[in-house]
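Going line by line, the protein sequences match chains A and B.
Those letters in the first sequence? Residues 16 to 110, per my numbering, in order.
Those letters in the second sequence? Residues 1462 to 1954, per my numbering, in order.
Please read the structure below before turning to the comments.
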Amino acid sequence: MSIDTETARRVAKLARIKVEDDALPALAQEFSAILGFIEQLNEVDVDGIEPMTSVTPQRLKRRTDVVTDGSQQAAVMKNAPDAREGFFAVPKVVE
Amino acid sequence: MTDLSKLTIASARDALRKGDVSSAELTNAYLGAIEGAGALNAFVHHTPDIANVQAAAADVRIKSGDAPDMCGIPLGIKDLFCTKGVPSQAASGILNGFKPEYESTVTTQLFDAGAVMLGKLNMDEFAMGSSNETSVYGNAVNPWKSDDRALTPGGSSGGSAAAVAADLCLGATGTDTGGSIRQPAAFTGITGIKPTYGRVSRWGVVAFASSLDQAGPMTKDVRDSAIMLEAMCGHDPKDSTSMDMAVPNFEAALTGDIKGKVIGIPKEYRMDGIPAAIEKLWEDGTAMLKDAGAVIRDITLPHTKYALPAYYVIAPAEASSNLARYDGVRFGHRAKLDAGDGITEMYEKTRAEGFGAEVQRRVMVGTYVLSAGFYDAYYNRARKVRALIKRDFDQVFAAGVDAILTPATPSAAFGLGEMVDADPIQMYLNDVFTVTVNLAGLPGIAVPAGVDANGLPLGLQLIGRPWEEGDLLNVAYALEQAAGFVAKPQKWW
């Protein structure tokens, strides 16, 4: 399958990665090569096969739905690029 | 002064217990070796202060007679592991300056056992790569050379492999999503094991592809891998996929007796274009196991060919989801914004600046295969093929095969920069022999078994039954004994 520049632009947007216009054709070409490689999977007969959800047979462990930690505001904020008064600061989201 | 090149975890443990050497002395010697090995670019964050404190504590503990095997043993830690108060960047610019407020379960267990952290090790960015060339820290360099070229130590655990091979530490943590412990181990003449999925906690290890990621040890020999793996294993309530199962004494499994063990040789791993030296190594390894009393059986794993394409759907899909958290809000890098930029521009600029080219490529491929209209055609189909790949192994093990022998890599270490102009798939082919093991969740170990015509190390891979790392390590031990690999890189750095 061949990926065009418009699709590459759309994927970059979905992935929230800024790609300059002049870089899109090369990116589209790389996607095409990778997807071409992946398309070998179409040769496999997968009729009646369930998609794997877990590689080990175990069921995910359950635990009681209770708070197990908390009260760590300072630790949570410590690495934030912009933290103010106990909040993460971001550009205005709603006009 | 101790000869670091001859020391192993096992021999250091014994010497520490006898009082022949102290952890402080060992640690000091390794810190000195690291200082002199800047050219390898293996250690990217140095933690001598932590190391000295840990070594002093270990010495007290050893004197008191309460010393686990790893007590006082100087290690390197892959940058993918979160270590409290110490930069943990997954070799990515997007985590520039990130110092976790918590400690990964694996490093917690190692430190509780008395191990000493010398520093953090180079790797491919977010563990995406096979040559350590996608790192924000620059390339790690293989201590082995065959001419004047600088060679890759492999990837993604390239810094770990280079550090162990160059005697900068006694062992290192690695992680393996498609071959990232075993391929660099093979490229540098060391041993590395990826345990069964669920054996080692993933908590506090920066996630790449959660259904494939497993941590494991990278060491100088099989015995050391057994010792260090045991310290890393165990159930962790903080990782929901961690198996609640007792951890055996892996070192005690190393008897070297493999009489009657059935070793499978999969015909699908005979691939076109594989160098003759690797074919020969595989034949020699087969003969060694046979001579040791194993029964050799030809087997078939019919879906092998589809493992890499399935991997390059599943791993990017999971990565695109895992890496969504790097958005410039809670930790790491945030791009400088222009007047009028909103939240979307912040995300897009931050991720464009913070992620390298290979990570961007994989995140976008993952986004594409998960997007509306393609989810079934790519992602669900890949998960079905993955089920078939696992079934291939299940059937072989059900028929009585104990372990499978294959080459570890399709070549010896190549030159840094030599793959720059190749398309990404050429680099992906490095994992052709290892990736099946991650898709099937099995334990796999790379053991150095010989050298090529240029004197570069080559490794063989053994694949074991799920949860039977002890048995697998024992077969690896028998292979190691028979192969007698003792070559070391000539020091040039």
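The C-beta atom is built at its ideal place from N, Cα and C for all residues, glycine as well.
Quick caveat, the model's predicted, so the values are computed rather than measured.
Asked: Which partner residues does B:R1758 have in the DSSP bridge list?; Found: B:G1725
Asked: Just how far apart, CA to CA, sit B:A1848 and B:W1953?; Found: 47 angstroms
Asked: For the candidate residues B:F1858, B:V1824, B:A1939, whose alpha-carbon lies nearest to that of A:L42?; Found: B:V1824
Asked: In chain A, which residues lie with their C-beta within 8 angstroms of the C-beta of B:T1828?; Found: V26, L29, A30
Asked: Could you give the distance in angstroms between the alpha-carbon of B:G1619 and the alpha-carbon of B:K1720?; Found: 35 angstroms
Asked: Among residues of its own chain, excluding the 5 on either side of B:V1577, which ones have a beta-carbon nearer than 7 angstroms to its beta-carbon?; Found: S1484, T1488, A1512, Q1515, A1516, A1519, G1533, I1534, P1535, L1536
Asked: Can you find the residues in the same chain that come closer than 7 angstroms, C-beta to C-beta, to B:V1896, ignoring five residues on each side of it along the sequence?; Found: G1639, G1640, A1768, L1769, Y1772
Asked: Let me know the secondary structure DSSP gives B:A1551 once reduced to three states.; Found: coil
Asked: Under a Cβ-count criterion, where at least 16 other Cβ atoms within 10 Å of its own Cβ denotes burial, should A:F102 be classed as buried or exposed?; Found: exposed
Asked: Could you spell out the range, first to last residue, of the alpha helix (DSSP H) harbouring B:V1857?; Found: 1842 to 1859
Asked: If you draw a straight line from the C-alpha of B:A1476 to the C-alpha of B:D1628, how long is it?; Found: 17 angstroms
Asked: Buried or exposed, going by whether 16 or more other CB atoms sit within 10 Å of the CB of A:R74?; Found: exposed
Asked: The ligand FMN and B:D1481: does any heavy atom of the ligand fall closer than 7 angstroms to the residue's C-beta?; Found: Annotation note on the ligand FMN: not contained in the displayed structure, which lists no ligands.
Asked: Could you give the C-beta distance for B:H1696 and B:M1704, rounded to a whole number, given that I count them as a contact under 8 angstroms?; Found: 6 angstroms
Asked: How about B:E1586 and B:A1551: are their beta carbons less than 8 angstroms apart?; Found: yes
Asked: Please report the Cβ distance between B:D1855 and B:H1764, rounded to the nearest whole angstrom; I am assuming they are in contact, meaning their Cβ atoms lie under 8 angstroms.; Found: Their Cβ separation, rounded to whole angstroms, is 12 angstroms, which puts B:D1855 and B:H1764 out of contact at 8 angstroms.
Asked: If we define contact as Cβ-Cβ less than 8 angstroms, is A:E65 a contact residue for chain B?; Found: yes
Asked: Hey, out of B:A1800, B:E1779, B:Y1730, whose CA is closest to B:L1831's CA?; Found: B:E1779
Asked: Check whether the region 1922 to 1941 of chain B touches the region 1587 to 1602 of chain B, taking contact to mean three or more Cβ pairs, one atom from each stretch, closer than 8 angstroms.; Found: no
Asked: Residues in the region 1576 to 1608 of chain B with C-beta within 9 angstroms of chain A's C-beta atoms, listed in sequence order?; Found: none
Asked: What span of residues does the alpha helix (DSSP H) with B:D1884 cover, start to end?; Found: First-last for B:D1884: undefined, no H or E at that position.
Asked: Would you identify the three-state DSSP class for B:M1589, choosing helix, strand or coil?; Found: coil
Asked: For B:T1634, tell me which candidate among B:L1541, B:A1785, B:G1480, B:I1924 has the shortest Cα-Cα distance.; Found: B:L1541
Asked: Give the secondary structure of B:G1876 by DSSP, where H, G and I count as helix, E and B as strand, and everything else as coil.; Found: strand
Asked: Would the beta-carbon of A:I64 fall within 8 angstroms of that of B:R1812?; Found: no
Asked: Measure the alpha-carbon distance for B:S1671 versus B:L1784 and round it to whole angstroms.; Found: 11 angstroms
Asked: Could you check which residue in B:A1713, B:V1826, B:D1637 has the C-alpha nearest to that of B:R1660?; Found: B:D1637
Asked: If you measure from the beta carbon of A:F52 to each beta carbon in chain B, is any gap under 8 angstroms?; Found: yes
Asked: Just to make sure I have the definition right: I need the residues of chain A whose C-beta is within less than 7 angstroms of the C-beta of B:A1771. Which are they?; Found: L56
Asked: With a threshold of 8 angstroms between beta carbons, is B:Y1822 in contact with chain A?; Found: First, the residue type needs correcting, since residue 1822 of chain B is Arg and not Tyr in the sequence shown. It does: the Cβ of B:R1822 has a partner Cβ on chain A nearer than 8 angstroms.
Asked: With distances taken from CA atoms, which of B:V1708, B:Y1658, B:G1677 is nearest B:A1701?; Found: The sequence as given places Ser at residue 1701 of chain B; Ala does not occur at that position. Of the candidates B:V1708, B:Y1658, B:G1677, the one whose C-alpha sits nearest the C-alpha of B:S1701 is B:Y1658.
Asked: With a threshold of 8 angstroms between beta carbons, is B:A1901 in contact with chain A?; Found: yes
Asked: Residues of chain A with CB closer than 8 angstroms to the CB of B:D1853, please, in chain order.; Found: Those do not exist, as B:D1853 stays about 12 angstroms from chain A at its closest Cβ, beyond 8 angstroms.
Asked: Under 8 angstroms Cβ-Cβ, which residues of chain B neighbour A:E45?; Found: R1822, D1884, P1885
Asked: If you drop the 5 nearest sequence neighbours on each side, which residues of the same chain put their C-beta closer than 7 angstroms to that of B:T1569?; Found: none
Asked: Please report the residue range of the alpha helix (DSSP H) in which B:G1620 lies.; Found: 1619 to 1626
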